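Chemist: Just so you know, we're using the numbering used here here: the sequence shown kicks off at 10 and counts up by one.
Beta carbons: idealized from backbone N, C-alpha and C, even for Gly.
Since the structure is predicted, the reported quantities are computational estimates derived from the model, not experimental observations.
Sharing a structure, written as structure tokens. Questions coming.
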Amino acid sequence: MKKLISERKLPSLLSREEMIEILQREEYGFMPSPPEKISFSKKAMRSDNDFCGKGKMWEITITCTVKNKEFSFPVSLMLPSGEGPHPFFVNLSFEKNVPNFYFPAEEVLDNGFGAFNMYFNDITKDNDDFTDGLAGIFYPDGKRNDTDCGKIALWAWAASRVLDYAESEPRLDMKRAAVCGHSRLGKTALVAGAFDHRFRFVHSNCSGCSGASIARGNTGETIRDIHRSFHYWFCENYRKYIDNEENMPFDQHFLLACIAPNFVTVGSASEDGWADPTGEQLSCFAASEAFEKEGMNGFICDRKAEIGDCFFEGSIGYFLRKGRHFYSREDWNKVITFIKSKA
Numbered sequence: 010m011k012k013l014i015s016e017r018k019l020p021s022l023l024s025r026e027e028m029i030e031i032l033q034r035e036e037y038g039f040m041p042s043p044p045e046k047i048s049f050s051k052k053a054m055r056s057d058n059d060f061c062g063k064g065k066m067w068e069i070t071i072t073c074t075v076k077n078k079e080f081s082f083p084v085s086l087m088l089p090s091g092e093g094p095h096p097f098f099v100n101l102s103f104e105k106n107v108p109n110f111y112f113p114a115e116e117v118l119d120n121g122f123g124a125f126n127m128y129f130n131d132i133t134k135d136n137d138d139f140t141d142g143l144a145g146i147f148y149p150d151g152k153r154n155d156t157d158c159g160k161i162a163l164w165a166w167a168a169s170r171v172l173d174y175a176e177s178e179p180r181l182d183m184k185r186a187a188v189c190g191h192s193r194l195g196k197t198a199l200v201a202g203a204f205d206h207r208f209r210f211v212h213s214n215c216s217g218c219s220g221a222s223i224a225r226g227n228t229g230e231t232i233r234d235i236h237r238s239f240h241y242w243f244c245e246n247y248r249k250y251i252d253n254e255e256n257m258p259f260d261q262h263f264l265l266a267c268i269a270p271n272f273v274t275v276g277s278a279s280e281d282g283w284a285d286p287t288g289e290q291l292s293c294f295a296a297s298e299a300f301e302k303e304g305m306n307g308f309i310c311d312r313k314a315e316i317g318d319c320f321f322e323g324s325i326g327y328f329l330r331k332g333r334h335f336y337s338r339e340d341w342n343k344v345i346t347f348i349k350s351k352a
């Protein structure tokens, strides 16, 4: 694996401040400032019989004042019975309902975790309309400059606002706050964790190109591929690297490295070639130095992963499960196991 890293000629890691600046300027766009004001409202969503009486749910409405305009969005909060404080996830979700296709809510409760479910389209729609939702607050005419942030950074910004609420909830353990997502929302989870170190744990599931996977030598989706349909996830500057990955002053190991000194897990699937599992594992290797500089173990592994492997000894965890592009119960249980082993 070290030979593969050498062959891809990855840029050396820099200081966190330098890497954050490069990632914003060249890939995701500059993250907006926190809101001038923020407020919350809370109402019960479920009866005591839901989840077999093992937990309860509320709807939290988060209202932000940005550029003297108000923007509100809902998230659901699921908490186990008992006073806590409970470890919890900010689950970046493709669906509003709980449980949902990618979110085994009862199993999360059974393991003693709470969870917010944040539906990404409630923040700003997954399209190139920058007048929609939160995007319309920052870009009222729908136009962006080359380094203005795209939709991924806006979803990540909203995830941090969920943490603002979590700090006010005594039944949540901020020392065990996690952010997680799958595919494009796995990319978003990594950005959220890199920019907001209140997230003690970060999980990216099958995030691939422009997420956990190294761009140089990628055997799956490329920067050209992702720009065909999803250019609006990124800043306009990122277009410069279409068919030009070798000249990037960064690669995706910078993103993982910026999460140090917190913990990060990367999940891959054996049949998800589009996300390039080998490139995702290489990113873990290449980011390791940043964690070691913080006095932590980095990525502890000396070989290419085989199906079923979990490398959880270090501060960077990686696993490769059998199957396709999906966020499964198996993935959730592996992440929960990792968090319990570190918390």
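Would you call the CB atoms of Leu-199 and Ser-177 closer than 8 Å?
Modeler: Taking 8 Å as the Cβ cut-off, Leu-199 and Ser-177 do not qualify as a contacting pair.
Chemist: Cα separation between Asn-109 and Leu-86?
Modeler: Each residue's alpha carbon lies about 14 Å from the other.
Chemist: In terms of residues, what are the limits of the beta strand (DSSP E) holding Arg-25?
Modeler: Counting along the chain, Arg-25 falls outside any beta strand (DSSP E), though it belongs to the alpha helix (DSSP H) covering 25 to 32.
Chemist: With distances taken Cα to Cα, identify the nearest neighbour of Ser-102 among Thr-156, Trp-341, Gly-190 and Arg-330.
Modeler: Nearest C-alpha to Ser-102: Gly-190.
Chemist: Should Asn-253 go down as buried or exposed, given a rule of 16 or more other Cβ atoms within 10 Å for buried?
Modeler: Looking at its Cβ environment, which holds fewer than 16 other Cβ atoms inside 10 Å, Asn-253 is exposed.
Chemist: In angstroms with no decimal places, state the Cα-to-Cα distance between Gly-64 and Val-275.
Modeler: Distance between the alpha carbons of Gly-64 and Val-275: 28 Å.
Chemist: Looking only at its chain, what residues have a beta carbon closer than 6 Å to the beta carbon of Tyr-148, apart from the 5 residues adjacent to it on each side?
Modeler: Excluding residues within five positions, the ones whose Cβ falls inside 6 Å are Phe-139.
Chemist: Short of 8 Å in beta carbon distance, which residues of its chain neighbour Arg-25, apart from the five on each side in sequence? Order them along the chain.
Modeler: Taken in chain order, the residues that qualify are Ala-266, Cys-267, Ala-269 and Ala-299.
Chemist: Report the three-state DSSP secondary structure of Arg-185 (helix, strand or coil).
Modeler: It is a strand residue.
Chemist: So for Leu-329, helix, strand or coil by DSSP?
Modeler: Strand, per DSSP.
Chemist: In the structure shown, what three-state DSSP assignment does Thr-140 receive?
Modeler: In this structure, Thr-140 counts as coil in the three-state DSSP scheme.
Chemist: Could you name the residues that DSSP lists as bridge partners for Glu-68?
Modeler: Answer is Lys-52 and Ser-85.
Chemist: Apart from the five residues on each side of it in sequence, which residues of its chain come closer than 7 Å, Cβ to Cβ, to Arg-153?
Modeler: Hits under 7 Å: Phe-139 and Glu-245.
Chemist: Going by CA-CA distance only, name the one from Phe-125, Ser-81, Met-28 and Ile-146 that's closest to Phe-49.
Modeler: Of the candidates Phe-125, Ser-81, Met-28 and Ile-146, the one whose C-alpha sits nearest the C-alpha of Phe-49 is Ser-81.
Chemist: When the Cα atoms are used, what is the spatial distance from Val-99 to Met-127?
Modeler: Between Val-99 and Met-127, the C-alpha separation is close to 7 Å.
Chemist: Can you tell me which residues form a DSSP beta bridge with Met-127?
Modeler: Beta-bridge pairing links Met-127 to Leu-101.
Chemist: Do you know offhand how far Trp-242's Cα is from Leu-32's?
Modeler: Roughly 13 Å separates the two Cα atoms.
Chemist: Considering just the uninterrupted stretch of the alpha helix (DSSP H) at Val-344, what are its terminal residues?
Modeler: Looking at the DSSP string, the run of the alpha helix (DSSP H) that includes Val-344 is 338 to 351.
Chemist: From the DSSP output, read off the bridge partner residues of Asp-173.
Modeler: DSSP output for Asp-173 lists no bridge partner at all.
Chemist: Go ahead and label Lys-46 buried or exposed: buried means 16 or more other beta carbons lie within 10 angstroms of its beta carbon, across all protein chains shown.
Modeler: Under this definition Lys-46 is an exposed residue.
Chemist: Grab me the residues of Asp-173's own chain with a C-beta within less than 6 Å of its C-beta, minus the 5 sequence neighbours each way, in chain order.
Modeler: Here the set comprises Ile-47.
Chemist: Under the three-state reduction of DSSP, which class applies to Phe-210: helix, strand or coil?
Modeler: Strand, per DSSP.
Chemist: Return the CA-CA distance between Asp-150 and Lys-249, expressed in angstroms with no decimal places.
Modeler: Computed Cα separation, rounded: 24 Å.
Chemist: Using a threshold of 8 Å, state whether the C-beta atoms of His-95 and Arg-34 are closer than that.
Modeler: Contact: no.
Chemist: On a CA-only basis, which of His-262, Asn-130 and Glu-280 is nearest Gln-290? Give me that one, please.
Modeler: Looking at the Cα atoms, His-262 is the closest of the given residues.
Chemist: For Lys-160, count neighbouring C-beta atoms within 10 Å of its own C-beta (all shown protein chains included) and say buried if the count is 16 or more, exposed if not.
Modeler: Result: buried.
Chemist: Kindly list the residues whose CB is nearer than 6 Å to the CB of Lys-331, restricted to its own chain and excluding five residues on each side of it in sequence; keep chain order.
Modeler: Closer than 6 Å at the Cβ level, and outside the excluded window around Lys-331, lie Ser-279 and Ile-316.
Chemist: Between the Cα of Arg-333 and those of Met-10, Cys-319, Pro-41 and Ser-277, spot the shortest distance and give me the residue it belongs to.
Modeler: Checked all of Met-10, Cys-319, Pro-41 and Ser-277; the closest Cα to Arg-333 is Ser-277.
Chemist: Quick one, are the C-beta atoms of Ile-223 and Gly-288 less than 8 Å apart?
Modeler: For Ile-223 and Gly-288, yes; Cβs fall inside 8 Å.
Chemist: Is DSSP giving Val-107 helix, strand or coil here?
Modeler: Coil, per DSSP.
Chemist: Write down the C-beta distance between Phe-308 and Phe-328 rounded to the nearest angstrom, noting that I regard them as a contact closer than 8 Å.
Modeler: That belief does not hold up - the Cβ atoms of Phe-308 and Phe-328 are roughly 12 Å apart, past 8 Å.
Chemist: Can you name the residues that DSSP bridges to Thr-74?
Modeler: Bridge partners of Thr-74: Lys-46 and Glu-79.
Chemist: Using DSSP's beta-bridge definition, name the partner residues of Gly-226.
Modeler: DSSP lists no partner for Gly-226.
Chemist: Report the three-state DSSP secondary structure of Thr-274 (helix, strand or coil).
Modeler: Three-state DSSP puts Thr-274 in a strand.
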